[in-house]
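As given, the protein sequences belong to chains A and B, one line each in that order.
Heads up: the first sequence at position 97 corresponds to 97 in the UniProt record's numbering, and the numbers run straight through without jumps.
Heads up: the second sequence at position 150 corresponds to 150 in the UniProt record's numbering, and the numbers run straight through without jumps.
Number of protein chains: 2
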Amino acid sequence: MIYAGRMPVTVLLVDDEPLVRAGLRAVLEAQPDIEVVGEAADGAAVIPLVRQLRPDVVAMDVRMPLLDGIEATRAVLRTVADPPKIVVITTFENDEYVYEALRAGADGFLLKRARPAEIVHAVRLVAEGESLLFPAAVRELAGAHGRLRGNPDAVAALERAALTGREEEVLRLMARGLSNAEIAARLVVGTETVKSHVSSLLAKLGARDRTQAVITAYESGFVAPG
Amino acid sequence: MIYAGRMPVTVLLVDDEPLVRAGLRAVLEAQPDIEVVGEAADGAAVIPLVRQLRPDVVAMDVRMPLLDGIEATRAVLRTVADPPKIVVITTFENDEYVYEALRAGADGFLLKRARPAEIVHAVRLVAEGESLLFPAAVRELAGAHGRLRGNPDAVAALERAALTGREEEVLRLMARGLSNAEIAARLVVGTETVKSHVSSLLAKLGARDRTQAVITAYESGFVAPG
DNA sequence: GCCCGGCTCCCCCGCACGGGGGAGACGATC
DNA sequence: GATCGTCTCCCCCGTGCGGGGGAGCCGGGC
Numbered sequence: 001m002i003y004a005g006r007m008p009v010t011v012l013l014v015d016d017e018p019l020v021r022a023g024l025r026a027v028l029e030a031q032p033d034i035e036v037v038g039e040a041a042d043g044a045a046v047i048p049l050v051r052q053l054r055p056d057v058v059a060m061d062v063r064m065p066l067l068d069g070i071e072a073t074r075a076v077l078r079t080v081a082d083p084p085k086i087v088v089i090t091t092f093e094n095d096e097y098v099y100e101a102l103r104a105g106a107d108g109f110l111l112k113r114a115r116p117a118e119i120v121h122a123v124r125l126v127a128e129g130e131s132l133l134f135p136a137a138v139r140e141l142a143g144a145h146g147r148l149r150g151n152p153d154a155v156a157a158l159e160r161a162a163l164t165g166r167e168e169e170v171l172r173l174m175a176r177g178l179s180n181a182e183i184a185a186r187l188v189v190g191t192e193t194v195k196s197h198v199s200s201l202l203a204k205l206g207a208r209d210r211t212q213a214v215i216t217a218y219e220s221g222f223v224a225p226g
Numbered sequence: 001m002i003y004a005g006r007m008p009v010t011v012l013l014v015d016d017e018p019l020v021r022a023g024l025r026a027v028l029e030a031q032p033d034i035e036v037v038g039e040a041a042d043g044a045a046v047i048p049l050v051r052q053l054r055p056d057v058v059a060m061d062v063r064m065p066l067l068d069g070i071e072a073t074r075a076v077l078r079t080v081a082d083p084p085k086i087v088v089i090t091t092f093e094n095d096e097y098v099y100e101a102l103r104a105g106a107d108g109f110l111l112k113r114a115r116p117a118e119i120v121h122a123v124r125l126v127a128e129g130e131s132l133l134f135p136a137a138v139r140e141l142a143g144a145h146g147r148l149r150g151n152p153d154a155v156a157a158l159e160r161a162a163l164t165g166r167e168e169e170v171l172r173l174m175a176r177g178l179s180n181a182e183i184a185a186r187l188v189v190g191t192e193t194v195k196s197h198v199s200s201l202l203a204k205l206g207a208r209d210r211t212q213a214v215i216t217a218y219e220s221g222f223v224a225p226g
């Protein structure tokens, strides 16, 4: 089921906005093992292109003129033999269409503002035959408003905390696994200073130790995986 | 923010078939750390029972008379403060209702023919706040071999690690911010045992301390925010 | 002028943590 | 029967961590 040797992964981009297509192309083409073999501006053009180009993956916007991503997904899966994997792309959190697309047989979905690494990863995953939902994307979907998103309790904890600039720096470095001594070296201050900041931010976050503080950082979206 | 030492995980079973309820009860009650606190035969009875019993987890069939699992999920999440985690149960793979339920806010789902160990595992996972998309239930549903998502380095580290079942449990609890003593209490073992598992998994993960291990867990998608 | 908050650094101190050992029980595998 | 891995628990030991203090410096606000 895993095609280790198939190089490169071929991708067809389908989006009505040229800018989005260009962005996806740039992100994907930067990978040596991914090749964008074609583009389309609406769902109606997808089927002939899929037949002609035989891409491994179709990255497709859900909202398009003429034929939207849901209908296009259905059409491809119904009419094309050995169909490509389909990743639907959406701009909006909690897009109803996404669920429709998944039911229609899409293999995954992504938010347009996902980080490049996530997009690349998603394409690779579906190309390998993984049919799964991407936690990061779901997190975004479920997520909220503003800079922080995630577990409401964690967000609340971090907002209530009102960390100072230095404390935020220290928390970020803690969330990268650095010890107090390493943080001190990085910030060019003494370890006692770092300990002071750490104690302060632990108290503000209501965390017992650095591990709990880092958890809060992840849960709140203050730092993000990937 | 941090959910410490909640000892028996309390579960409410909701299914129209008494046989299924009996089976679930037998499977779950066999675990010392899981307690079935109530049962209901249809979705309409769920809300008062949730209010009365305050279960940690509701295991709920999707297809039921009167009020199905999707509507019941929506109702619980809309009307109950500090709602329980909800695991929906389905007989069929690729059940359309499952997507509906997830969209309604369910935290996980299970196939009825899952092995007892998987059912128990799923209940523990959602009780710990684990993400719905990662666990074995999804692999089962997707029919594919499970794979981690996220930072490739972190994923690689976790896959290379080949953690034992116990080590995975310990890592999950570490990622909820629990101390060794708390993990020991939760798993009903000695603190020395936990330390042993912690040392072992730290070595396998190439992590220097528990904070770095938790970071790897988040980065790889082994645990997910939210 | 004064005061306050942030950043810096220092002390002492207790303890959880993690490393390095070892060992018995159990089940699976050979 | 012997072997292996897992889970369990024990020892010692050093140290990084975090709590509780205090203190000097600086900039902005009153």
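For glycine and all other residues, C-beta sits at the position ideal for the given N, C-alpha and C.
For B:A175, the CB contacts under 6 Å within the same chain, skipping 5 residues up- and downstream, are V214, A217, V223 in chain order.
By the Cβ test, the stretch 196-204 of chain A is not in contact with the stretch 8-28 of chain B, since fewer than three Cβ pairs between them sit closer than 8 Å. Looking at the backbone, the Cα of A:L49 and that of A:A81 are separated by about 13 Å. In the DSSP assignment, A:L13 falls within the unbroken beta strand (DSSP E) covering 9-14. For B:I86 against B:M64, the beta-carbon gap comes to about 14 Å, at or over 8 Å, which does not count as contact. Going by beta carbons, A:V88 and A:L67 fall outside the 9 Å limit. In the structure shown, B:T216 adopts helical secondary structure according to DSSP, grouped into three states.
With fewer than 16 other Cβ atoms inside 10 Å of its own Cβ, A:T79 counts as exposed. In this structure, B:L178 and B:R186 form a Cβ contact; the two beta carbons are roughly 7 Å apart against a cut-off of 8 Å.
Chain B places no beta carbon closer than 9 Å to that of A:S199, leaving this residue out of the contacts.
Interface annotation, B:I215: in contact with chain A, CB-CB separation under 9 Å. In the three-state DSSP reduction, B:V80 falls in the coil class, being neither helix nor strand. Of the candidates A:L163, A:L53, A:Q31, A:G105, A:L163 places its Cα closest to the Cα of A:L205.
Our two residues, A:D107 and B:E71, have alpha carbons roughly 26 Å apart in a direct line. Per DSSP, A:T90 lies in no alpha helix (DSSP H); the unbroken beta strand (DSSP E) holding it starts and ends at 85-90. Counting only residues of its own chain and dropping the five nearest sequence neighbours on each side, B:V57 has a CB closer than 8 Å to the CB of V9, T10, V11, L12, P84, K85, I86, V87, V123, V126, A127.
Residue contact check for B:T211 against chain A: a CB pair falls below 9 Å. Proximity of A:S179 to chain B, defined by a Cβ-Cβ separation below 9 Å, is satisfied.
DSSP lists A:L12 as the beta-bridge partner residues of A:G38. The beta carbon of B:L201 sits closer than 6 Å to those of L163, E167, L171, all from its chain and outside the five residues before and after it, given in chain order. At a C-beta separation below 8 Å, A:A175 has these neighbours in chain B: I215.
Where B:A184 is concerned, the enclosing alpha helix (DSSP H) starts and stops at 180-187.
By the Cβ neighbour-count rule, A:P32 is exposed, with fewer than 16 other Cβ atoms within 10 Å of its own.
A:G221 counts as buried, since no fewer than 16 other beta carbons sit within 10 angstroms of its beta carbon. Contact of A:R78 with chain B is not assigned, every C-beta pair being separated by 9 Å or more. Here B:A41 is near B:R21, since their CB atoms are less than 9 Å apart. Close CB contacts of A:E169 within its chain, under the 7 Å cut and outside five residues either way in sequence, are with L187 (chain order). The beta carbons of B:V36 and B:R51 sit about 17 Å from each other, so the pair does not count as a contact at 8 Å. A:A207 belongs to the set of residues whose beta carbon lies under 9 Å from a beta carbon in chain B. For A:V57, the enclosing beta strand (DSSP E) covers residues 57-61. Secondary structure at A:G206: coil, using DSSP grouped into helix, strand and coil.
For A:G108, the pairing in a beta bridge is given by DSSP as A:V87. In the DSSP assignment, A:Q52 falls within the alpha helix (DSSP H) that extends over 46-53.
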